[in-house]
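Engineer:
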Amino acid sequence: MEVDKGKGEAEETRKVAEADRDTVTLKSSDGKLFEVSKEAAARLSTVLAGMIAGGSIDDNGTDLKQIGSEALENVVDYCNKHANSIPSAALISSSISFNTAPFKEPEEWERKFVDRLSHDALFDLVEAANFLGMERLLDVTCHKISEMMKGKSPDQIREVFNIKNDYTKEELEEIRQELAWAFYDD
Amino acid sequence: MAKRKRSSERTHNGPLVQEKRLPHLQLSDLPKDILHTIISRLPIREAVRTSVLSSHWKHIWCSRTQLEFSFRSLVRKKGANIPRSTISEYVFIQRVDAVLKQHSGIGVEKLEVDFSPLHAEHSEHIDTWVKFAIASKIKQLSFDFVIQYPSTEPYIFPFQFFYATSGSHLQSIKLGSISLKQQASIKFLVNLKTLELVDVNITDDELKVMLFNCKVLEFFGISRCKFITSLHTPHPLSPIKHLQVSQCFLLQDIELNVGLITLEYEGPLISLASPSTLRNLCIKSSDIRSSLAYIFTKLPSTLPQLEMLTLRCRELKRATLTNKGFKFLCLRHLRLELNFVSSKKRITDVLDLACLLEVAPLMESLEVHMWMNNKLGRYHKNHGELRSLHWHPHAHLKTVDVTGFYGQKDQLELSLHILRVCTMVKYMKIDPRPTVASITLDLDTNDGLCFVDGYKVARKYLLKADHRNVVQVTKVRLRDVEHVWPYKLIDPEWLALVADDE
Chain A
378 MEVDKGKGEA EETRKVAEAD RDTVTLKSSD GKLFEVSKEA AARLSTVLAG
428 MIAGGSIDDN GTDLKQIGSE ALENVVDYCN KHANSIPSAA LISSSISFNT
478 APFKEPEEWE RKFVDRLSHD ALFDLVEAAN FLGMERLLDV TCHKISEMMK
528 GKSPDQIREV FNIKNDYTKE ELEEIRQELA WAFYDD
Chain B
7 MAKRKRSSER THNGPLVQEK RLPHLQLSDL PKDILHTIIS RLPIREAVRT
57 SVLSSHWKHI WCSRTQLEFS FRSLVRKKGA NIPRSTISEY VFIQRVDAVL
107 KQHSGIGVEK LEVDFSPLHA EHSEHIDTWV KFAIASKIKQ LSFDFVIQYP
157 STEPYIFPFQ FFYATSGSHL QSIKLGSISL KQQASIKFLV NLKTLELVDV
207 NITDDELKVM LFNCKVLEFF GISRCKFITS LHTPHPLSPI KHLQVSQCFL
257 LQDIELNVGL ITLEYEGPLI SLASPSTLRN LCIKSSDIRS SLAYIFTKLP
307 STLPQLEMLT LRCRELKRAT LTNKGFKFLC LRHLRLELNF VSSKKRITDV
357 LDLACLLEVA PLMESLEVHM WMNNKLGRYH KNHGELRSLH WHPHAHLKTV
407 DVTGFYGQKD QLELSLHILR VCTMVKYMKI DPRPTVASIT LDLDTNDGLC
457 FVDGYKVARK YLLKADHRNV VQVTKVRLRD VEHVWPYKLI DPEWLALVAD
507 DE
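Read top to bottom, the protein sequences are chains A and B. Counting from 378, one number per residue, gives the positions in the first sequence under this note's numbering. Counting from 7, one number per residue, gives the positions in the second sequence under this note's numbering.
Right, here's the structure in full:
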């Protein structure tokens with residue numbers, strides 16, 4: 378689905394895109410071109426929706442200077458997958474339920490989508506989603522990160538996420554005292 | 007794709023065409039509001055503990071957007087089974103106070119306190135929580151208490167704290183076992199879209215005043231309010247779109263506004279003067295003894311716009327169906343939760359449900375969740391030949407979800423019928439396990455064996471008849487169920503429900 382080709386081929390893609398106009402072409406910071414379903418892009422990203430509505434989409438590839446090709450490929454992949462997925466029956470029936478949960482659980486394919494990403498790719502994707510105003514993708518990626526933190530001790534979290542402890546022993550003890558109840562079953 | 011991979015391999019093997027690469031992004035480098043979102047998804051204790059990760063993280067948790075305090079999240083210790091009753095309210099209150107004291111108050115969207123034993127004696131603290139909510143401009147407030155002893159007075163919700171500017175941020179309130187005084191002041195909550203009252207001593211007239219003063223209310227939920235006898239939405243053009251009523255046992259009539267789209271009702275069946283705009287209807291009632299009869303006789307003529315219908319009831323009576331030619335021309339989604347378990351010999355027939363295909367010719371999705379008697383065996387040739395109904399094609403049904411399929415004869419007949427006449431079905435899911443919680447029924451070890459029976463029958467008959475490859479059967483084998491408590495085999499959410507009741 379993604380276009381990741383030399384310039385000549387991209388030119389061809391542009392013509393095709395012009396012909397049926399249901400896709401838009403995006404350009405990563407390192408100059409790679411990707412094609413994404415226009416409908417899905419507009420639905421999933423407030424920023425892209427704004428650009429499409431405002432006519433600032435460039436047929437030669439809309440520049441997204443802040444997003445690297447790896448992250449953009451994931452964004453595009455996500456949009457295209459979203460365009461093809463039919464909402465599951467469970468999702469439809471849950472729409473009638475009254476409790477407006479703050480976060481919608483990711484769907485099975487979304488889970489798989491983020492599960493295969495490395496840490497680096499995941500963080501890059503979070504940034505890209507944030508930049509593009511993709512609420513749903515942000516939800517799914519943040520959900521994944523929180524899952525990775527859940528049930529881990531502070532030490533384990535530091536290790537997994539490469540966080541350097543810059544507290545002195547005394548400072549640490551002070552915080553623990555202050556919030557003792559939360560550290561109970563450590 | 008292939009190319010990209012190659013180029014990244016290159017970076018591993020040495021910088022061939024290497025661009026200046028920034029040191030890679032770490033979790034701590036993400037924008038703070040994203041870290042807040044992540045932290046908000048952790049249980050509150052774990053979120054608080056992230057304060058020791060590093061100085062960067064010290065206050066991240068303080069911007070948690072959701073503050074949800076409950077026995078489970080604040081007090082319960084893993085492993086140590088502290089029963090709820092022995093925990094002093096003050097321990098709970100202290101911890102809520104501690105979190106709120108640390109919290110910046112910025113960006114909080116929701117404050118939820120779900121701890122039963124709180125009441126009037128704790129007003130001093132609860133009042134400060136309400137003040138915190140007002141000061142932090144939160145959007146959702148939920149206080150869910152339960153009156154445990156008749157002698158305790160419920161907490162009185164301080165409507166007097168709200169006035170024009172302080173009330174405008176709140177969009178959603180839920181109050182459980184709380185007393186309402188000066189409820190007309192709700193008018194200061196000018197943006198209140200959601201209101202939920204649980205076990206609140208409110209009279210018909212007081213409720214009327216309240217609803218009248220909520221000018222932009224879209225959702226109203228009321229349950230276990232024992233003084234309510236009639237419910238009238240304030241004026242015909244009220245913006246309420248979604249009404250949820252449950253277990254108000256003295257309620258005798260409900261009169262609804264015209265714009266209402268969704269109605270959920272649970273309790274003894276009363277006349278629901280439903281506006282014709284209603285698109286979604288969900289009824290849970292133990293009064294309906296046959297959902298089929300109800301669907302055929304009561305609904306189609308009055309609710310022509312219905313798109314989605316959910317019924318939970320006991321299917322104990324076999325109905326003689328006389329459809330007077332009414333059809334649901336808008337109905338797209340039908341969900342039935344039917345309990346076929348009666349103490350006497352079963353006289354109902356699951357195959358009767360087939361006629362729904364004719365009443366809802368444009369239906370796209372059908373869910374049938376059943377609870378069957380686990381004493382009746384699965385289909386066997388001795389039970390007689392399988393019946394088949396006349397072929398009346400249905401060209402719109404796309405997804406079918408059947409649960410509680412124990413492989414009994416009529417269940418099999420219905421499934422085969424759907425498979426045969428619904429030519430456009432893309433996906434038919436058969437799960438032998440009941441996957442929707444039934445509060446009134448218990449499962450026992452026999453049910454586990456029925457899951458296996460259901461799987462066997464589905465495999466033997468349904469998969470054989472599935473020429474379009476659309477049927478998916480959940481596999482349950484004998485070794486999965488032997489010596490296993492059947493609740494272990496079902497949806498964990500249901501399990502949680504059972505556990506909560508204990």
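Every residue, glycine too, gets a C-beta built ideally from N, C-alpha and C. Quantities reported herein were computed from a predicted structural model and do not represent experimental measurements.
With residue 251/B and residue 228/B assumed to form a contact (beta carbons below 8 Å), what rounded beta-carbon distance in angstroms separates them?
Structural biologist: 6 Å
Engineer: Taking 8 Å as the CB-CB cut-off, is residue 36/B touching chain A?
Structural biologist: yes
Engineer: Note down, in chain order, every chain A residue with its Cβ under 7 Å from the Cβ of residue 54/B.
Structural biologist: Under the 7 Å cutoff, chain A gives 556, 559.
Engineer: From the DSSP output, which residues share a beta bridge with residue 184/B?
Structural biologist: 161/B
Engineer: What does a CB cutoff of less than 6 Å around residue 226/B pick up in its chain, not counting 5 residues either side in sequence?
Structural biologist: 201, 246, 249
Engineer: What residues in its chain sit with their C-beta under 8 Å from that of residue 564/A, if we drop five residues either side in the sequence?
Structural biologist: The displayed coordinates of chain A run from 378 to 563. Any statement about residue 564/A would go beyond what the structure contains.
Engineer: Please state the DSSP three-state secondary structure of residue 467/B.
Structural biologist: Reduced to three states, the DSSP call for residue 467/B is helix.
Engineer: Measuring alpha carbon to alpha carbon, tell me which residue in 80/B, 203/B, 352/B is nearest residue 380/B.
Structural biologist: 352/B
Engineer: Taking 8 Å as the limit between beta carbons, can you name the residues of its chain near residue 488/B, skipping five residues before and five after?
Structural biologist: 454
Engineer: Using 10 angstroms around the beta-carbon of residue 455/A, count the other beta-carbons present and answer buried if the total reaches 16, otherwise exposed.
Structural biologist: buried
Engineer: Going by alpha carbons, who is nearest to residue 574/A out of 537/A, 430/A, 434/A, 484/A?
Structural biologist: The first residue shown for chain A is 378 and the last is 563, placing residue 574/A beyond what the model contains.
Engineer: By the DSSP assignment, the alpha helix (DSSP H) with residue 107/B in it spans what residues?
Structural biologist: 95-108
Engineer: Buried or exposed: which applies to residue 556/A, given that a residue is buried once 16 or more other Cβ atoms fall within 10 Å of its Cβ?
Structural biologist: It counts as buried.
Engineer: Can you list the residues of chain B that residue 526/A reaches, using a CB-CB cut of under 8 Å?
Structural biologist: 44, 48, 52, 56
Engineer: Taking 8 Å as the CB-CB cut-off, is residue 101/B touching chain A?
Structural biologist: yes
Engineer: If you measure between the beta carbons of residue 210/B and residue 239/B, is that distance less than 8 Å?
Structural biologist: no
Engineer: Does residue 255/B come out as helix, strand or coil in the three-state DSSP assignment?
Structural biologist: The answer is coil: DSSP assigns residue 255/B none of H, G, I, E or B.
Engineer: Hey, residue 509/A and residue 405/A are a contact pair by Cβ (cut 8 Å); roughly how many whole angstroms apart?
Structural biologist: Actually they are not in contact, since the Cβ atoms of residue 509/A and residue 405/A sit about 12 Å apart, beyond 8 Å.
Engineer: Given this structure, state the Cα-to-Cα distance separating residue 232/B from residue 453/A, to the nearest angstrom.
Structural biologist: 54 Å
Engineer: Identify every residue that forms a DSSP beta bridge with residue 228/B.
Structural biologist: Paired residues: 203/B, 251/B.
Engineer: Indicate whether at least one CB of chain B lies closer than 8 Å to the CB of residue 411/A.
Structural biologist: Contact of residue 411/A with chain B is not assigned, every C-beta pair being separated by 8 Å or more.
Engineer: Check whether the region 114-131 of chain B and the region 144-152 of chain B are in contact - that is, three or more C-beta pairs closer than 8 Å.
Structural biologist: yes
Engineer: With a Cβ-Cβ cutoff of 8 Å, do residue 339/B and residue 370/B count as a contact?
Structural biologist: Yes. Within cutoff.
Engineer: Might you give, ordered along the chain, the residues of its own chain that have their beta carbon closer than 6 Å to the beta carbon of residue 472/A, omitting 5 neighbours on each side?
Structural biologist: Because residue 472/A carries a pLDDT of 37, less than 50, the predicted location of this residue cannot be relied on, and no value is offered for it.
Engineer: Using a Cβ distance threshold of 8 Å, determine whether the region 66-81 of chain B contacts the region 530-549 of chain A, with at least three qualifying pairs required.
Structural biologist: no
Engineer: For residue 263/B, tell me which candidate among 257/B, 281/B, 255/B, 449/B has the shortest Cα-Cα distance.
Structural biologist: Selected option, being the one with the closest Cα: 281/B.
Engineer: Using CA coordinates, which residue listed in 156/B, 356/B, 185/B is at the minimum distance from residue 163/B?
Structural biologist: 185/B
Engineer: For residue 559/A, count the other beta carbons within 10 Å of its own beta carbon; 16 or more makes it buried, fewer makes it exposed. Which is it?
Structural biologist: buried
Engineer: Between the region 288-303 of chain B and the region 268-275 of chain B, are three or more C-beta pairs nearer than 8 Å?
Structural biologist: yes
Engineer: List, from N- to C-terminal side, the beta strand (DSSP E) runs of 3 residues or more that fit wholly inside the region 390-473 of chain B.
Structural biologist: 405-409, 433-437
Engineer: Distance, Cα to Cα, residue 539/B vs residue 417/B?
Structural biologist: There is simply no residue 539/B to check, as chain B begins at 7 and stops at 508 in what is shown.
Engineer: Please report how far the alpha carbon of residue 460/A lies from the alpha carbon of residue 134/B, in whole angstroms.
Structural biologist: Cα to Cα, the separation comes out at about 47 Å.
Engineer: Give me the chain B residues within the contact set of residue 534/A, using Cβ-Cβ distance strictly less than 8 Å, ordered along the chain.
Structural biologist: Result: 56, 59.
Engineer: Would the region 316-323 of chain B count as touching the region 343-360 of chain B if we require 3 or more Cβ pairs under 8 Å?
Structural biologist: yes
Engineer: For residue 425/A, which three-state DSSP category applies?
Structural biologist: In the structure shown, residue 425/A sits in a helix (DSSP, three-state: H, G or I).
Engineer: Could you check if residue 296/B is buried or exposed, using at least 16 other CB atoms within 10 Å of its CB as the buried criterion?
Structural biologist: buried
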